[in-house]
Amino acid sequence: MSSKRLRVVHVIDSFAGSGGAENRLVEEVIALDDRFDQVVVRLYERDFLQTKLTDAGIEVISLGFTGARAARTWPLAALKLRRVVRRFRADVVHTSLFNGNLIGQLAATTLGVPVVSTFNHTGERRLQRDLRTGAASWKARLMQSVGRWTERRGDVHYRAVGGYARSTNCEWRGLSLDQATVVHRGVEVAEDQVVIDRSAFGLPDDVPLFVNVARRVPEKAQHLLVAAFAKVRAELPEARLAIAGASGSNDSAVSAAIDHAGLADAVDLLGFRSDARSLVASADVFAFSSRSEGSPGVVVEAMAVGTAVAAFDIPPVAELTDGGRHAWLAPDGSVDDLAKAMLAAYRAPGRAERTEAGRGWAERFRLSAVAQQLGDLLEERAARRDRGDITTGATTKTKGQAA
Numbered sequence: 001m002s003s004k005r006l007r008v009v010h011v012i013d014s015f016a017g018s019g020g021a022e023n024r025l026v027e028e029v030i031a032l033d034d035r036f037d038q039v040v041v042r043l044y045e046r047d048f049l050q051t052k053l054t055d056a057g058i059e060v061i062s063l064g065f066t067g068a069r070a071a072r073t074w075p076l077a078a079l080k081l082r083r084v085v086r087r088f089r090a091d092v093v094h095t096s097l098f099n100g101n102l103i104g105q106l107a108a109t110t111l112g113v114p115v116v117s118t119f120n121h122t123g124e125r126r127l128q129r130d131l132r133t134g135a136a137s138w139k140a141r142l143m144q145s146v147g148r149w150t151e152r153r154g155d156v157h158y159r160a161v162g163g164y165a166r167s168t169n170c171e172w173r174g175l176s177l178d179q180a181t182v183v184h185r186g187v188e189v190a191e192d193q194v195v196i197d198r199s200a201f202g203l204p205d206d207v208p209l210f211v212n213v214a215r216r217v218p219e220k221a222q223h224l225l226v227a228a229f230a231k232v233r234a235e236l237p238e239a240r241l242a243i244a245g246a247s248g249s250n251d252s253a254v255s256a257a258i259d260h261a262g263l264a265d266a267v268d269l270l271g272f273r274s275d276a277r278s279l280v281a282s283a284d285v286f287a288f289s290s291r292s293e294g295s296p297g298v299v300v301e302a303m304a305v306g307t308a309v310a311a312f313d314i315p316p317v318a319e320l321t322d323g324g325r326h327a328w329l330a331p332d333g334s335v336d337d338l339a340k341a342m343l344a345a346y347r348a349p350g351r352a353e354r355t356e357a358g359r360g361w362a363e364r365f366r367l368s369a370v371a372q373q374l375g376d377l378l379e380e381r382a383a384r385r386d387r388g389d390i391t392t393g394a395t396t397k398t399k400g401q402a403a
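Position one of the sequence shown corresponds to residue 1 (the working numbering), numbered consecutively onward.
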């Protein structure tokens, strides 16, 4: 068995600071740096997180394309990426997000390089089209068709960030379950990253504080959270709700919900905060209203810092909280029940014991454990080319090293 280190090319759309997938990939690449030779390719212009990689000595290559023109430029991006994969002599290509998956598969499969792409979201077609802007456009449908053709043409395996993401995406795309492996997103919450200090966010210390961290886009449904919080305020008149996260296409609905409930003085829209973990740790309750997720790492982060979680009972949240044992869950979309869950999470007599148990449960999602699983998967897929085992969709059980 050769001692040569595996050569991995990671591909992602951008390094937006507000993106969960982007943050997690950066952390995973750094955690794998002692194991592999790596280069990270950024397709589009946002580079907020890039310095974390370059400071760790990891090369980042920008292909120089613009996200707004992604639906027109993906063939050119694939050609440019193909040159990077060939020059780096990659043993395996690891891709994240929709465009990264499509372009990475096109580039790598023409060179016979195995690909591990990522199911970052669930495969609920109707819900995705209802909640995700542009998902039903003709350009998106064309790119999805090309992606389905590519994944059958080459040696493509999927890393699913959760069990529900695996089952629903495989069903949607007509894949067998053995064409995807569950590797959750890893979470690492260092003590020096968390400071319990509400004043840093302009929030009072002596009131019930409910916190949400997510981009303001339809699938995160903070307009429903605001409506639920209005019912919470009926019983906790001094309570505050702080929402941290980048603005997005649901801004108007969130603002309208705040105005409708007369909560302008009780709801704080903080925008993107790089110190959001400290905000979560400073809260009494982390309130999560998302209706569609792949694997919401922020829920794990809340459990890891000991903050009670109230959320909609969507399958990925149930999966991360052990069927709700470590959270207070409400039926999906029910404002009344989310308000009850938020109040229960705040008032529960056994909250301390339940949140402490949640800390222990969150240990299984630690970055070190997840990076080990991801590294094993990348090695397994790279070893297929050396064995000549490149049958599309086949899953090998044998572990091996790249030559």
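Glycine included, each C-beta is placed from N, C-alpha and C at the ideal position.
Through-space distance from residue j to residue i, alpha-carbon basis
i: R46; j: V84; result: 20 Å
i: V285; j: A16; result: 26 Å
i: A230; j: V217; result: 20 Å
i: A227; j: S14; result: 33 Å
i: A56; j: I30; result: 7 Å
i: I350; j: Q179; result: The question names Ile, but residue 350 in the sequence shown is Gly. So the alpha carbons of these two residues sit roughly 42 Å apart.
i: R87; j: A348; result: 58 Å
i: V299; j: L79; result: 38 Å
i: H326; j: L43; result: 38 Å
i: H184; j: P237; result: 39 Å
i: V92; j: T321; result: 33 Å
i: D259; j: L269; result: 13 Å
i: T398; j: L377; result: Summary for T398: the model assigns pLDDT 37, below 50, so the residue's position carries little reliability; its value from the coordinates is reported in the next sentence. Cα to Cα, the separation comes out at about 11 Å.
i: E353; j: L53; result: 38 Å
i: A339; j: V232; result: 6 Å
i: G271; j: S252; result: 14 Å
Contact under 8 Å by Cβ, residue i with residue j
i: T122; j: P316; result: yes
i: R213; j: L279; result: A small correction: the amino acid at residue 213 is Val; Arg does not occupy that position in the sequence shown. Taking 8 Å as the Cβ cut-off, V213 and L279 qualify as a contacting pair.
i: V211; j: A287; result: yes
i: R5; j: D37; result: yes
i: D33; j: I61; result: no
i: R273; j: A244; result: yes
i: F119; j: Y158; result: yes
i: S96; j: A21; result: yes
i: T355; j: G306; result: yes
i: R240; j: V207; result: yes
i: R125; j: W172; result: yes
Three-state secondary structure assigned by DSSP to residue i
i: T122; result: coil
i: F272; result: coil
i: S62; result: strand
i: I243; result: strand
i: D206; result: coil
i: A31; result: helix
i: F407; result: Nothing can be reported for residue 407: it is not among the residues displayed for the chain, which extend from 1 to 403.
i: F88; result: helix
i: V41; result: strand
i: N23; result: helix
i: V194; result: coil
i: F36; result: coil
i: T355; result: helix
Where the beta strand (DSSP E) through residue i begins and ends
i: V187; result: Neither: V187 is in no beta strand (DSSP E) and is coded neither H nor E.
i: R159; result: 156-160
i: Q105; result: That residue, Q105, is in no beta strand (DSSP E); its alpha helix (DSSP H) goes 98-109.
i: A308; result: 308-312
Integer Cβ distance of residue i from residue j, believed to fall under 8 Å
i: A310; j: A341; result: 4 Å
i: L203; j: A257; result: L203 to A257, Cβ: 20 Å. No contact.
i: V41; j: V11; result: 5 Å
i: G186; j: A371; result: 6 Å
i: V182; j: D155; result: Not a contact, Cβ separation roughly 19 Å.
i: G262; j: R291; result: At roughly 25 Å, the Cβ-Cβ gap does not stay under 8 Å, so G262 and R291 are not in contact.
Endpoints, alpha helix (DSSP H) assigned at residue i
i: T54; result: 50-55
i: H326; result: Taken as a continuous stretch (DSSP letters only), H326 belongs to no alpha helix (DSSP H), as it is neither H nor E.
i: Q222; result: 222-235
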